[in-house]
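Participant:
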Amino acid sequence: MTAATDTLASAAEAEGPRTNSLIHAGKWLAADMFSTLLFVGLFAITHNVYAATGIAIAAGVAQIAWLRARGAAIDLMQWLSLGLVVVFGGASLMTRDPRFVMVKPTLIYAAVGAVMLKPGWMLRYIPPVAVRWGADVVNVFGYVWAGLMFATGAANLALVLHGDPKLWAWFVGVVPIASKLGLFAVQYVTMRVIIRGRIQAAGAPA
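All residue numbers for the sequence shown refer to numbering that gives the first Met the number 0, where the first residue is 0 and numbers rise by one.
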């Protein structure tokens, strides 16, 4: 391993497990998907942009209210997510154009992708043996995950601007989840093969 990856590995082991940008980004993305999928379902059933958008806005506000009622901390990302719901939802209501709500996931994925560009962000979530023998591989996959977020956001924007609403509804309901599960499987297999090979080459016990 290089000096840079050794430094990343040492930093990850020294800091230990703690809540960081990945967890916040994941929570934000999950919360946003709830209101977005709610909008998709209602719009597909009712074909009424007012009803679908209004309920999506109400759901976003209710999420924040529920967190406050529980005494949970609400971070900047969650407030920003609510702001996007209200602003883009309001624009959809005023223009009777659902594309304002449909484009919102693109901004969310872009923000999450930017968070994932931080070198070594994934190391805290990797077992110590994998950090020891594969910190460089983990670092590469961190950028791959960021690329997936940007690609998903770009695809969403393309469908909003040029695609059929029914195709967009299928996309947001299937592709983001399927692509993440697929990348997780690829990363798991790749890291397992590389790390086992390095351990065997070094003559260390696996």
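Yeah, the Cβ is synthetic: ideal placement off N, Cα and C, and Gly gets one too.
Owing to the predicted nature of the structure, the values given are computational and were not obtained by experimental measurement.
Using a 10 Å radius around the Cβ and a threshold of 16 neighbouring Cβ atoms, would you call LEU7 buried or exposed?
Facilitator: Residue confidence for LEU7 is low, a pLDDT of 43 falling below 50, so the modelled location carries little weight; the figure read from the coordinates is stated next. LEU7 is buried by the Cβ-count criterion.
Participant: So, are the CB atoms of TRP167 and LEU180 less than 9 Å apart?
Facilitator: Going by C-beta atoms, TRP167 is not nearer than 9 Å to LEU180.
Participant: Using alpha carbons as the reference points, say which of LEU79, VAL48, ALA50, GLY53 lies closest to ILE63.
Facilitator: Here the closest residue by C-alpha is LEU79.
Participant: In terms of residues, what are the limits of the alpha helix (DSSP H) holding ILE73?
Facilitator: First-last for ILE73: undefined, no H or E at that position.
Participant: If contact is defined by three or more beta carbon pairs under 8 Å, each pair taking one atom from either stretch, is the segment 183 to 193 in contact with the segment 107 to 120?
Facilitator: Because the criterion of three Cβ pairs below 8 Å is not met, the segment 107 to 120 and the segment 183 to 193 do not touch.
Participant: Thinking ALA52 and LEU92 are a contact (beta carbons under 8 Å), I'd like their distance in whole angstroms, please.
Facilitator: Rather than Ala, the amino acid found at residue 52 in this sequence is Thr. Right, their Cβ atoms sit about 5 Å apart.
Participant: To the nearest angstrom, report how far apart VAL214 and GLY40 are at their CA atoms.
Facilitator: No information on residue 214 is available, as it lies outside the stretch 0 to 205 that the chain covers here.
Participant: Where are the alpha helix (DSSP H) runs, 4 residues long or more, that stay fully inside the segment 109 to 184, in chain order?
Facilitator: If we require 4 residues or more, the alpha helix (DSSP H) runs fully inside the segment 109 to 184 come out as 127 to 161.
Participant: Would you kindly check if the distance between the Cβ of VAL102 and the Cβ of ILE233 is under 9 Å?
Facilitator: Outside the shown range of the chain (0 to 205) lies residue 233, about which nothing can therefore be said.
Participant: Given this structure, state the Cα-to-Cα distance separating ASP96 from TRP65, to the nearest angstrom.
Facilitator: Roughly 29 Å separates the two Cα atoms.
Participant: Among ARG98, VAL128, TRP144, LEU81, which residue has its Cα nearest to the Cα of MET115?
Facilitator: Of ARG98, VAL128, TRP144, LEU81, the residue nearest in Cα terms is TRP144.
Participant: Could you pull out every residue in the same chain whose Cβ sits closer than 8 Å to the Cβ of LYS165, ignoring the five residues on either side in sequence?
Facilitator: Excluding sequence neighbours, LYS165 sits near ALA43.
Participant: Helix, strand or coil: which one does DSSP assign to VAL102?
Facilitator: It is coil, neither helix nor strand.
Participant: One question on the structure: do GLY59 and LEU81 come within less than 9 Å of each other, judged by their Cβ atoms?
Facilitator: For GLY59 and LEU81, yes; Cβs fall inside 9 Å.
Participant: Determine the direct distance from the alpha carbon of ARG123 to that of GLN199, and round the result to whole angstroms.
Facilitator: Rounded to the nearest angstrom, the two C-alpha atoms are 24 Å apart.
Participant: For ARG95, which three-state DSSP category applies?
Facilitator: It is coil, neither helix nor strand.
Participant: Tell me the DSSP secondary structure of ASP202 in three-state form.
Facilitator: Per the sequence shown, the amino acid found at residue 202 is Gly instead of Asp. Coil at GLY202, not helix or strand.
Participant: If you compare alpha carbons, which of VAL130, SER34, PHE149 is closest to PRO194?
Facilitator: Contrary to the premise, residue 194 reads as Ile rather than Pro in this sequence. The shortest Cα separation from ILE194 among VAL130, SER34, PHE149 belongs to VAL130.
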